[in-house]
DNA sequence: TATGAATGAGTTTTCATTCAT
DNA sequence: CATGAATGAAAACTCATTCAT
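Chains as they are written, first to last, in the working numbering: chain D, 1 to 198; chain B, 1001 to 1198; chain U, 2001 to 2198; chain S, 3001 to 3198.
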């Protein structure tokens, strides 16, 4: 039994899942609750998704796919490496600022899943990390960035910083303006901690 | 019914929990499995812990407590701010390198818990983040670090980078030397990404 | 989650509960045993009842409801107060004689439940006691009964006598004809203990 | 391993059981709680009682034994049959009025036990019912009471009425004077319900 | 395509009882 | 005599998934 991966209900179910998970938390998001929110029967979900894990991965894949595509498009439109990094950060913060529910789901709730699911989520994230890697690589190439460092470490600093910043913002109930943090975060990543006189 | 929070079995049960969770994953770590590993009866666990959640929080509190205390002691023994930050990173990497099971549990498995438990884990982590904050604060005071930035952002960069680096290492099955990454990570945080001629 | 309170399985489960409790006793009547007797899965019971307590209360309410309705109907068809009382007693004895399992459940097993459940059972019984009260009240009104006594005491005598008689019959394994006791019990309640010459 | 059935701790444990059951209810009266109330260790209870059921039966036997002995003594001191019945009722109400805790335990809590235990309780009660039977028998002999009725039915009326009256009083939190009900209850049992002109 | 009633596997926790000290 | 730490059996309930309609 193969499943349909499109149709209006496909998206409706995914959006319902995001809404339900954001509102009730991962462990209180039963299939029946998601089905009700989507306005379909429980069984209908299994016409579009193989099982619950498949729904969650699909959710992450669909939402992150658009997230990554949009980010990539924006990055292409700017020239300098430093600006590309700034754009990446801005887009990250902006897109999650624009969709609080999605932010809750990706930063908090979907991390409560089991190891298997998280491995698959990691695979989706790879495409995003490749974006980061490309910026780092180009920056090193043209000597905008220091080039004697392991690219993985740099990637972990950039992603770790962005991710931690976003998670803190979500855990503080989106109380402050996340987008405003893009510039100082960018500056910090570029210039580092060291104080330089003059 | 109040519980005993000490005695040889208290520690034995916590260590058993770490071992079982590291081996089988959070969701496959039933009380009966932990009891068997600890060499006690299921009911004995409830003489020392109120319930399963209490066991997990206690686990985190005990292990993180030592982790934080050790880190603080080491930091006090060095003078310069930059060295203090290096020591913090080194201690973080060293302690988790020395205990792969604990690394798996804190970086991967204990993050799969529900919101309530994670909030309590967050409270334990606060003491660690205060260590970080102190270094940042002192560094800004004495102009070792740039001082025009929000201390929270700096904290999020430092902790996010360390945490992401550690998690990647765990997800790659501890295949490489984590401690060796302390220096380059430290350098990166201090100097930032910018290439500087001269 | 709201539950369905009707359908063929609803009744089937209640009847299974009566049978299982009558046979194995209250404390040996696990949900799994009742489900098996009813020919449904354990989980199905929770589609029709909120929890085990809800099943037991529903059982009592359904069975006692019919019991009371039938009794009331019969009482209405007789004219004199004394006959009404006799009918009440006869109906009580007859209905439990006709359903030994129900007699065991209501007289012995359901009294082993906790205070909360017994309070709710008491509320159902109230409707029965109102029947008794009505007879007493009418009897006093029209001077068929002595009227200078507390109605509560009279009610407690009538109900206490009927209930004790029934319980004894159940505890003696229904060995004798309960219905045959209706007339002498009635006579005793009406005439009292006193010997009256001629 | 045989148990000691006397000594100061034997009584202390029984009294503790009454107090704990009256206060917390039958199902919340764990051995450990009773032991604590009695000021002994859990294990000590098993030096005096075979098991928990044995403790409960012993409790009932001790308390009911005194109850019955006292009642019998009082009955012997009065002459007429009618007065003997009145004395029985008065003693019943008086003794439970004097010990509210005991009243709760015997009327409500100890009835929640399983069939086996209740059978054994029934055996203790037999001695009490024999007292009742004796009064009925003598009353019939000397034509104070009607003599054409089954003695069991009369016993069930008398005991059922007294028991139901007492239980109602306990369930109404001993709010009214139980002893005051002895006379009207007695009168009702003797004279019955029938209104007699002149 | 869609439904939703039915399934049944799986786990935490309590507490009477034991027995080494 | 007395202790109290340790034992381990036992049961209600949830929810992802199926399948007859």
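Every residue gets a Cβ at the ideal spot worked out from N, C-alpha and C, and that includes glycine. Keep in mind it's a predicted model, so treat the numbers as computed, not measured.
Open item on the list: Can you pull the chain B neighbours of residue 92(D), defined as C-beta to C-beta under 8 Å?
Closed with: Residue 92(D) sits at position 92 when you count from the first residue of the first chain. None at all; the shortest Cβ gap to chain B is about 13 Å.
Task: Distance between residue 1139(B) and residue 57(D) (C-alpha atoms, nearest Å) - done: In the first chain, residue 57(D) corresponds to position 57, counting from 1. In the second chain, residue 1139(B) corresponds to position 139, counting from 1. Answer to the nearest angstrom: the Cα atoms are 43 Å apart.
- [ ] Return the chain-ordered list of same chain residues with a C-beta closer than 6 Å to the C-beta of residue 182(D), the five sequence neighbours on each side being excluded.
- [x] Locating residue 182(D) in the first chain gives position 182, counting from the first residue. Around residue 182(D): 89, 90 and 93.
- [ ] Please classify residue 2992(S): is it buried, with 16 or more other beta-carbons within 10 angstroms of its beta-carbon, or exposed?
- [x] This structure cannot settle anything about residue 2992(S), because the visible part of chain S is limited to 3001 through 3198.
- [ ] Give the interface partners of residue 2150(U) over in chain S, defined as CB-CB distance under 9 Å, in chain order.
- [x] For the purposes of this step, residue 2150(U) is identified with residue 150 of the third chain, where counting begins at 1. Near residue 2150(U) (Cβ distances below 9 Å), the residues of chain S are 3181 and 3184.
- [ ] Find the nearest neighbour of residue 1075(B) within the set 1063(B), 1112(B), 1118(B) and 1134(B), judged by alpha-carbon distance.
- [x] Start at 1 with the first residue of the second chain, and residue 1075(B) comes out as number 75. When each option's Cα is compared against that of residue 1075(B), the closest is 1134(B).
TODO: Using a Cβ-Cβ cut-off of 7 Å, state whether residue 3195(S) counts as contacting chain U.
DONE: By 1-based counting over the fourth chain, the position of residue 3195(S) is 195. Judged by the 7 Å Cβ criterion, residue 3195(S) is in contact with chain U.
- [ ] Compare the beta carbon distance of residue 109(D) and residue 21(D) with 7 Å and say whether it is the shorter of the two.
- [x] Taking the first residue of the first chain as 1, we reach residue 109(D) at position 109. Taking the first residue of the first chain as 1, we reach residue 21(D) at position 21. It is a contact, given that the beta carbons lie within the stated cut-off.
Open item on the list: For residue 3082(S) and residue 3189(S), what's the separation of their Cα atoms in angstroms?
Closed with: Counted from its first residue, the fourth chain places residue 3082(S) at position 82. Counted from its first residue, the fourth chain places residue 3189(S) at position 189. Using only the alpha carbons, I get a separation of about 10 Å.
Task: Distance CB(residue 1042(B))-CB(residue 1031(B)) smaller than 7 Å - done: The count along the second chain starts at 1 and reaches residue 1042(B) at position 42. The count along the second chain starts at 1 and reaches residue 1031(B) at position 31. Yes.
Task: Distance between residue 2122(U) and residue 2151(U) (C-alpha atoms, nearest Å) - done: Indexing the third chain from 1 puts residue 2151(U) at position 151. Indexing the third chain from 1 puts residue 2122(U) at position 122. When rounded, the distance between both Cα atoms is 19 Å.
- [ ] For residue 2194(U), name the three-state secondary structure that DSSP assigns.
- [x] The residue you call residue 2194(U) lines up with position 194 of the third chain. Taken through DSSP and simplified to helix, strand or coil, residue 2194(U) comes out as strand.
TODO: Measure how close the beta-carbons of residue 3192(S) and residue 2191(U) come, nearest whole angstrom, since I'm counting them as under 8 Å.
DONE: If you number the fourth chain from 1, residue 3192(S) lands on position 192. If you number the third chain from 1, residue 2191(U) lands on position 191. At roughly 4 Å, the Cβ-Cβ gap stays under 8 Å, so residue 3192(S) and residue 2191(U) are in contact.
Open item on the list: Taking 7 Å as the threshold (beta carbon to beta carbon), is residue 1064(B) in contact with chain D?
Closed with: Position 64 of the second chain, counting from 1, holds the residue named residue 1064(B). With 7 Å as the cut-off, residue 1064(B) does not count as an interface residue toward chain D.
Open item on the list: Please return the same chain residues whose Cβ sits closer than 7 Å to the Cβ of residue 72(D), not counting the five positions on each side in sequence.
Closed with: Residue mapping note: residue 72(D) aligns to position 72 of the first chain, counting from 1. Counting only Cβ-Cβ distances below 7 Å, and skipping sequence neighbours, we find 131.
Task: Positions along the region 2154-2179 of chain U whose CB lies within less than 8 Å of some CB in chain S - done: Residues 2154, 2156, 2157, 2159, 2160, 2161, 2162, 2163, 2164, 2165, 2168 and 2171.
Open item on the list: Does the beta-carbon of residue 59(D), which I'm using as the reference point, lie nearer than 6 Å to any heavy atom of the ligand ZN?
Closed with: No copy of the ligand ZN appears in this structure; indeed no ligand is present at all.
Open item on the list: Do residue 1067(B) and residue 1124(B) count as a contact pair if the criterion is CB distance below 7 Å?
Closed with: Indexing the second chain from 1 puts residue 1124(B) at position 124. Indexing the second chain from 1 puts residue 1067(B) at position 67. It is not a contact, given that the beta carbons lie outside the stated cut-off.
Open item on the list: Residues in the same chain with beta-carbon distance under 8 Å from residue 3157(S), minus the five sequence neighbours each way, listed in chain order, please.
Closed with: To locate residue 3157(S), count along the fourth chain from 1; it is residue 157. In the same chain as residue 3157(S), and ignoring 5 residues on each side of it, the C-beta atoms closer than 8 Å to its own belong to 3189, in chain order.
- [ ] Starting from residue 145(D), follow its DSSP beta bridges and name the residues at the other end.
- [x] Numbered from its first residue, the first chain carries residue 145(D) at position 145. Partner(s): 1194(B).
Open item on the list: Looking at chain D, is there any beta carbon in it that lies within less than 7 Å of the beta carbon of residue 974(B)?
Closed with: Residue 974(B) is absent from the structure shown; chain B starts at 1001 and stops at 1198.
Task: Under 7 Å between C-beta atoms of residue 2999(S) and residue 3035(S) - done: For residue 2999(S) there is no data in the structure shown, the boundaries of chain S being 3001 and 3198.
- [ ] Please determine, among 87(D), 70(D) and 27(D), the residue with the shortest C-alpha to C-alpha distance to residue 186(D).
- [x] Within the first chain, residue 186(D) is the residue found at index 186, counting from 1. The candidate whose alpha carbon is nearest that of residue 186(D) is 87(D).
Task: Between the CA atoms of residue 2099(U) and residue 3029(S) - distance to the nearest angstrom - done: Stepping through the fourth chain from its first residue, residue 3029(S) is reached at position 29. Stepping through the third chain from its first residue, residue 2099(U) is reached at position 99. The straight-line gap from Cα to Cα measures roughly 35 Å.
Task: Close beta carbons around residue 2171(U), own chain, < 6 Å, minus the five adjacent residues each side - done: Here the question's residue 2171(U) lines up with position 171 in the third chain. Correct list: empty, nothing qualifies.
TODO: Below 6 Å CB to CB, which residues in the same chain sit around residue 1147(B) once its five sequence neighbours on both sides are set aside?
DONE: The residue labelled residue 1147(B) in the question sits at position 147 within the second chain. Taken in chain order, the residues that qualify are 1140.
Open item on the list: Within a Cβ cutoff of 8 Å, which residues of the same chain sit near residue 18(D), ignoring the five residues on either side of it in sequence?
Closed with: The sequence position of residue 18(D) within the first chain is 18, counting from 1. Excluding sequence neighbours, residue 18(D) sits near 59, 63, 101, 102 and 105.
TODO: Count the other CB atoms, across all protein chains shown, that sit within 10 Å of the CB of residue 1177(B); report buried if there are 16 or more and exposed otherwise.
DONE: As a working note, residue 1177(B) is residue 177 in the second chain. Per the 10 Å Cβ criterion, exposed.
TODO: For the region 3074-3110 of chain S, list the alpha helix (DSSP H) runs that are entirely contained and at least 4 residues long, ordered along the chain.
DONE: 3081-3098 and 3100-3107
- [ ] Compute the Euclidean distance between the alpha carbons of residue 3126(S) and residue 3065(S), then round it to the nearest angstrom.
- [x] Within the fourth chain, residue 3126(S) is the residue found at index 126, counting from 1. Within the fourth chain, residue 3065(S) is the residue found at index 65, counting from 1. Roughly 11 Å separates the two Cα atoms.
Open item on the list: Among 3175(S), 3197(S) and 3095(S), whose alpha-carbon lies nearest the alpha-carbon of residue 3069(S)?
Closed with: Counted from its first residue, the fourth chain places residue 3069(S) at position 69. Nearest C-alpha to residue 3069(S): 3095(S).
- [ ] Decide if residue 1116(B) is buried, meaning its Cβ has at least 16 other Cβ atoms within 10 Å, or exposed.
- [x] Counted from its first residue, the second chain places residue 1116(B) at position 116. The residue in question, residue 1116(B), is exposed, as its Cβ has fewer than 16 Cβ neighbours within 10 Å.
Open item on the list: One question on the structure: do residue 962(B) and residue 1046(B) come within less than 7 Å of each other, judged by their Cβ atoms?
Closed with: As displayed, chain B neither begins before 1001 nor continues past 1198, which places residue 962(B) out of reach and without an answer.
TODO: Inspect the beta-carbon positions of residue 1027(B) and residue 114(D) and report whether they are closer than 7 Å.
DONE: What you label residue 1027(B) is simply residue 27 of the second chain in a count that begins at 1. What you label residue 114(D) is simply residue 114 of the first chain in a count that begins at 1. It is a contact, given that the beta carbons lie within the stated cut-off.
- [ ] Measure the Cβ-Cβ separation of residue 3111(S) and residue 2118(U) and say whether it is below 7 Å.
- [x] The residue labelled residue 3111(S) in the question sits at position 111 within the fourth chain. The residue labelled residue 2118(U) in the question sits at position 118 within the third chain. In this structure, residue 3111(S) lies away from residue 2118(U), with their beta-carbon atoms at least 7 Å apart.
Open item on the list: Check whether chain B comes within 7 Å of residue 71(D), counting only Cβ atoms and requiring the distance to be less than that.
Closed with: The residue given as residue 71(D) occupies position 71 in the first chain. No, no contact with chain B.
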